[in-house]
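Working notes for the structure below.
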Amino acid sequence: WCVPLKSVYVTFPGDVIKNMTDKQLADEYLQRYGYIDVLQKSGLQAVVSTSKALKQLQKQLGLEETGSLDQPTIDAMKQPRCGVPDIRN
Amino acid sequence: YQTFTGNLKWDNKDVTYRILNYSPDMEASLTDDAFARAFKVWSDVTPLTFRRLYDGTADIMISFGKADHGDPYPFDGKDGLLAHAYPPGEGIQGDAHFDDDEYWTLGSGPVIKTSYGNAEGATCHFPFLFEGQSYSTCTTEGRTDGLPWCATTADYDKDKIFGFCPSELLSTFGGNSNEAPCVFPFVFQGEKYDSCTTDGRTDGYRWCATTANYDTDKQYGFCPNRDTAVIGGNSEGEPCQFPFTFLGTQYSSCTSEGRSDGKLWCATTSNYDTDKKWGFCPDGGYSLFLVAAHEFGHALGLDHSNIKDALMYPMYKYIEDFSLHEDDIKGIQYLYGPKTGPDPTPPEPQFTTSSPILPTKSTPSEKTTTVSTTVHVDPSKDACQIKEFDAITEIQEELHFFKDGYYWKISNKRERKGPFLISEKWPALPAVINTAFEDQLTKKIYFFAEKQFWVYTGNEVFGPRKIEKLGLPSNLDRVDGAVQRKYGKVLLFNGETFWRLDVKAQLIDSGYPKFFDSYFGGVPTDSHDVFLYKGFLYFCRENFYWRMNARRQVDRVGYVKYDLLKC
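These protein sequences, in sequence, are chains L and X.
Residues 144 to 232 (the working numbering) are what the first sequence spells out, left to right.
Residues 15 to 581 (the working numbering) are what the second sequence spells out, left to right.
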């Protein structure tokens with residue numbers, strides 16, 4: 144019966160703001176762990192290589208290799224992990 | 015499993031490590047123990063040993079840091095990236111770094127080691143009863159000196175066993191004050207401080223003066239985090255202040271109100287609305303033991319695995335009763351071979367072609383008969399990557415190459431076979447042998463490893479016995495080479511000297527040792543291996559060989575791996 148508390152979201156000072164978009168999160172993750180070469184080409188090549196990189200990541204993490212940024216992949220990217228890249232260029 | 019390009023690994027088996035600093039999350043002895051157990055994970059399955067250094071440069075330098083911590087790979091705050099390590103090598107290679115914006119525990123909540131009191135250093139028991147009330151954190155209740163304490167059993171009222179929790183009022187760590195407690199207030203840069211501070215530092219660590227005036231005395235120490243300390247936020251390490259006010263409402267415990275990510279937080283003053291001081295509440299934390307065992311895998315030469323249950327899988331997963339996955343064992347033994355040596359391990363059943371038979375109970379020197387089949391191991395172990403073999407010798411007309419528990423052989427048709435496990439064909443042998451030879455009369459095979467030797471006749475073995483038994487000097491630490499001569503004689507080499515063994519008499523002939531260069535001119539006197547192959551003597555150093563013909567002339571110098579190993 145109680146009206147659900149209308150949650151008010153506040154910005155906490157010093158909070159490591161991680162509200163990147165999923166796309167930003169993915170780009171940073173794929174680069175940090177070696178799935179995308181940092182000197183990333185732009186345009187169509189970028190799209191192709193991101194899809195390829197996502198497939199590689201999904202393979203490494205034992206996920207379904209869809210090549211798209213689906214929810215299981217986003218969730219996996221938010222998991223705590225080791226900082227050593229998975230792929231060494 | 016994967017190794018790093020070039021199979022980076024430590025050449026020395028006794029690897030050293032040094033802990034450069036500590037996290038305020040865990041008492042130093044708990045951190046020491048977590049690292050020691052993490053190294054033991056790997057020494058249990060390899061010939062590696064790990065020795066701790068307390069100063070100077072160790073192979074593996076271990077440190078905690080936050081964000082940009084001095085290498086090109088900054089950490090990222092709480093969660094996300096937990097730690098990283100570098101593959102074996104010089105300098106930063108081999109080092110392991112842990113992100114101290116994480117909450118380091120043993121994986122299932124705070125591990126609070128007490129001091130003083132009457133609990134003799136036992137860890138807190140949460141929850142515990144005190145004066146009928148239940149406590150799930152340390153408390154200052156019942157005391158006037160403000161020191162946080164806890165019970166180390168479930169019921170203090172009944173057992174009366176307690177100890178003090180880590181607190182800057184009790185002791186500091188690191189710094190230059192031998193763990194002396196903070197003095198409050200203290201003066202720093204002319205200002206008065208009533209609590210620990212990160213002022214004056216860029217690494218975010220909380221510290222305090224251990225005298226009333228830092229400006230004059232320069233005495234300081236780092237403040238241990240209390241178990242109620244917040245993590246991250248803008249008050250890292252400060253304890254929660256209960257109750258606190260947030261958006262006009264009072265809270266007496268951690269809350270996720272105000273956040274969209276559901277993480278529990280608290281204020282570190284009584285009023286968040288006015289002071290805006292806050293941090294995340296301690297959760298289960300990350301197991302320093304598990305993360306360290308993973309990072310030390312990198313520091314030993316293992317890259318990430320794609321086996322989800324393997325320790326070297328990149329994602330963190332808390333496991334209560336941890337044991338190394340077979341993928342990790344295969345990976346580390348690919349680099350360093352299997353464990354050898356004294357640890358009593360239950361004898362493995364030897365398999366005949368039909369069914370397992372338990373090994374006959376025997377003392378090493380007795381004759382033991384084991385029937386074993388040679389099992390191929392991971393074919394990807396590449397002999398051509400090996401720079402220097404432990405031993406090379408011709409057995410049953412095939413040239414055998416021994417290295418770290420494995421061997422390869424070159425048939426007469428010049429094809430390379432292997433790797434095979436030494437322990438499968440000659441189970442009594444250690445992983446690393448120094449030399450071997452097949453006696454041409456009896457076809458017995460002699461193996462030498464440090465100060466011991468074994469004699470195999472088919473599957474029967476005599477040994478190990480001391481090389482002194484053959485009449486070699488007691489201070490001789492190893493035999494590096496063996497060359498069969500006519501009439502049942504064998505030359506045994508070590509450095510610049512050699513002896514002649516009468517195989518039948520099992521004794522060194524008189525008049526020996528002799529010096530190398532008066533008999534074998536033009537070859538290196540520090541050959542790590544000397545053997546006879548198809549009538550020629552081969553002297554090996556690194557990956558080269560010098561071939562000497564029957565007239566003792568050096569008629570060829572070449573590469574072991576191309577000319578002999580056929581890479």
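All C-beta atoms in this analysis are idealised placements derived from N, C-alpha and C, irrespective of residue type, glycine included.
Between which residues of its own chain and X:Trp422 is the CB-CB distance below 8 Å, once the five residues before and five after are set aside? Here residue 422 of chain X is taken as the residue at index 408 of the second sequence, counted from 1. Counting only Cβ-Cβ distances below 8 Å, and skipping sequence neighbours, we find Ala397, His414, Phe415, Arg430, Lys431, Gly432, Pro433, Phe434 and Leu579.
Check: In its own chain, which residues sit with a C-beta less than 7 Å from the C-beta of X:Phe64, not counting the 5 before and 5 after it?
Finding: For the purposes of this step, residue 64 of chain X is taken as residue 50 along the second sequence, with counting starting at 1. These residues qualify, in order along the chain: Val29, Tyr31, Phe53 and Ser57.
#### Entry: Collapsed DSSP secondary structure at X:Arg566 in the structure displayed
Reading the second sequence from its first residue, position 552 is the one you call residue 566 of chain X. Three-state DSSP puts X:Arg566 in coil, outside helix and strand.
- Taking the continuous beta strand (DSSP E) assigned at X:Ser148, which residues delimit it? Position 134 of the second sequence, counted from the first residue, corresponds to residue 148 of chain X. Segment Gln147 to Tyr149, the beta strand (DSSP E) holding X:Ser148.
*asked:* For a cutoff of 7 Å on Cβ pairs, would you count X:Asp73 as touching chain L?
replied: Against the second sequence, residue 73 of chain X aligns to sequence position 59. Judged by the 7 Å Cβ criterion, X:Asp73 is not in contact with chain L.
If we cut at 7 Å on Cβ distances, does X:Pro38 have a partner in chain L? Reading the second sequence from its first residue, position 24 is the one you call residue 38 of chain X. So, not an interface residue.
Exercise for review: For X:Arg428, count neighbouring C-beta atoms within 10 Å of its own C-beta (all shown protein chains included) and say buried if the count is 16 or more, exposed if not.
Suggested key: Taking the second sequence and counting its residues from 1, one reaches residue 428 of chain X at position 414. Per the 10 Å Cβ criterion, exposed.
Examine chain X for any beta-carbon lying closer than 7 Å to the beta-carbon of L:Gln222, and answer yes or no.
Here residue 222 of chain L refers to the residue found at position 79 when the first sequence is read from its first residue. Interface residue, yes.
Check your understanding: Who are the Cβ neighbours of X:Gly121 in its own chain at under 6 Å, not counting the five residues just before and after it?
Key -> The residue given as residue 121 of chain X occupies position 107 in the second sequence. Within the same chain, X:Gly121 has close Cβ partners Ser301 and Tyr332.
- prompt: Cβ of X:Thr471 within 7 Å of Cβ of X:Lys458?
  reply: Reading the second sequence from its first residue, position 457 is the one you call residue 471 of chain X. Reading the second sequence from its first residue, position 444 is the one you call residue 458 of chain X. Their beta carbons are under 7 Å apart, which means X:Thr471 touches X:Lys458 by this criterion.
Short CB-CB distance (under 7 Å) between L:Gly226 and chain X
Counting from 1 along the first sequence, the entry for residue 226 of chain L is found at position 83. L:Gly226 belongs to the set of residues whose beta carbon lies under 7 Å from a beta carbon in chain X.
Query raised in the report: In the segment 402 to 431 of chain X, which residues sit with their C-beta less than 9 Å from some C-beta in chain L, listed in chain order?
Result: none
Along chain X, in chain order, which residues have C-beta atoms closer than 7 Å to that of L:Pro156?
-> In the first sequence, residue 156 of chain L corresponds to position 13, counting from 1. Here the neighbours are Asn248 and Lys290.
Quiz item: Taking Cβ positions, are X:Lys322 and X:Phe294 nearer each other than 7 Å?
Solution: Here residue 322 of chain X corresponds to residue number 308 of the second sequence, with the count starting at 1. Here residue 294 of chain X corresponds to residue number 280 of the second sequence, with the count starting at 1. It is not a contact, given that the beta carbons lie outside the stated cut-off.
Self-check item: Proximity below 7 Å, CB of X:Pro582 to CB of X:Pro199
Solution: Residue 582 of chain X is absent from the structure shown; chain X starts at 15 and stops at 581.
- Is L:Tyr152 close to chain X, meaning its C-beta is less than 7 Å from at least one C-beta of that chain? Mapped onto the first sequence, residue 152 of chain L falls at position 9. Yes, its Cβ sits closer than 7 Å to a Cβ of chain X.
- Item | Bridge partners - X:His414, DSSP secondary structure assignment | Along the second sequence, one-based indexing puts residue 414 of chain X at 400. Paired residues: X:Thr407 and X:Lys423.
Worksheet item: How many angstroms separate the CA atom of L:Gly157 from the CA atom of X:Gly299?
Response: Translated into positions along the first sequence, residue 157 of chain L becomes position 14. Translated into positions along the second sequence, residue 299 of chain X becomes position 285. Looking at the backbone, the Cα of L:Gly157 and that of X:Gly299 are separated by about 20 Å.
Tell me the DSSP bridge mates of X:Val469? As a first step, residue 469 of chain X must be located in the second sequence, where it is residue number 455. BP columns for X:Val469 point to X:Tyr460 and X:Phe476.
Determine the chain X residues that contact L:Gly205 at a beta-carbon separation under 8 Å, and present them in chain order. Mapped onto the first sequence, residue 205 of chain L falls at position 62. Within 8 Å Cβ-Cβ: Asn320 and Lys322.
Whole-number beta carbon distance between X:Asp342 and X:Leu325, since they are thought to touch under 8 Å: Here residue 325 of chain X refers to the residue found at position 311 of the second sequence. Here residue 342 of chain X refers to the residue found at position 328 of the second sequence. At roughly 5 Å, the Cβ-Cβ gap stays under 8 Å, so X:Leu325 and X:Asp342 are in contact.
Check your understanding: DSSP state of X:Trp56, grouped into three classes?
Key -> On the second sequence, residue 56 of chain X is found 42 positions in, with the first residue counted as 1. The answer is helix: DSSP assigns X:Trp56 an H, G or I state.
**Listed by chain order, chain L residues near X:Leu96 by CB distance under 9 Å** = Within the second sequence, the letter at position 82 stands for residue 96 of chain X. Correct list: Pro223, Arg224, Cys225 and Gly226.
The segment 233 to 248 of chain X touching the segment 138 to 154 of chain X, judged by at least three CB pairs closer than 8 Å: Taking 8 Å as the limit for Cβ pairs, the verdict is that the segment 138 to 154 of chain X does touch the segment 233 to 248 of chain X.
Inter-residue spacing [alpha-carbon to alpha-carbon] between L:Thr164 and X:Gly94: As a working note, residue 164 of chain L is residue 21 in the first sequence. As a working note, residue 94 of chain X is residue 80 in the second sequence. C-alpha separation (whole angstroms): 16 Å.
| Contact list for L:Asp229 against chain X, beta-carbon separation under 7 Å | By 1-based counting over the first sequence, the position of residue 229 of chain L is 86. The answer, in chain order, is His318 and Pro328.
- Can you give the Cα-Cα distance for X:Asn426 and L:Thr209, rounded to whole angstroms? In the second sequence, the residue the question calls residue 426 of chain X occupies position 412. In the first sequence, the residue the question calls residue 209 of chain L occupies position 66. If I take the Cα positions, the gap works out to 51 Å.
**Prompt:** At a Cβ cut of 7 Å, what residues of the segment 247 to 268 of chain X count as close to chain L, listed as they run along the chain?
**Reply:** Gly247, Asn248 and Leu261
Note to self: Please list, in chain order, the chain L residues whose beta carbon lies closer than 7 Å to that of X:Ala99.
What the structure shows: The sequence position of residue 99 of chain X within the second sequence is 85, counting from 1. Near X:Ala99 (Cβ distances below 7 Å), the residues of chain L are Val227.
- Message: So, with DSSP's three-state summary, where would you put X:Phe187?
- Response: In the second sequence, residue 187 of chain X corresponds to position 173, counting from 1. Three-state result, X:Phe187: strand.
For the segment 505 to 536 of chain X, enumerate the residues whose C-beta is nearer than 7 Å to any C-beta of chain L, in chain order.
none
Cα separation between X:Gln255 and X:Trp292?
One-based indexing of the second sequence puts residue 255 of chain X at position 241. One-based indexing of the second sequence puts residue 292 of chain X at position 278. Approximately 9 Å, taken between the alpha carbons.
Margin query: Can you pull the chain L neighbours of X:Arg273, defined as C-beta to C-beta under 9 Å?
Written below: Taking the second sequence and counting its residues from 1, one reaches residue 273 of chain X at position 259. Correct list: Ser150, Tyr152, Val153, Phe155 and Asp158.
Length at least 3, wholly inside the segment 270 to 305 of chain X: the beta strand (DSSP E) runs in chain order:
279 to 281 and 292 to 294
### Start-end ranges of the alpha helix (DSSP H) lying completely within the segment 117 to 202 of chain X, minimum 4 residues
170 to 173
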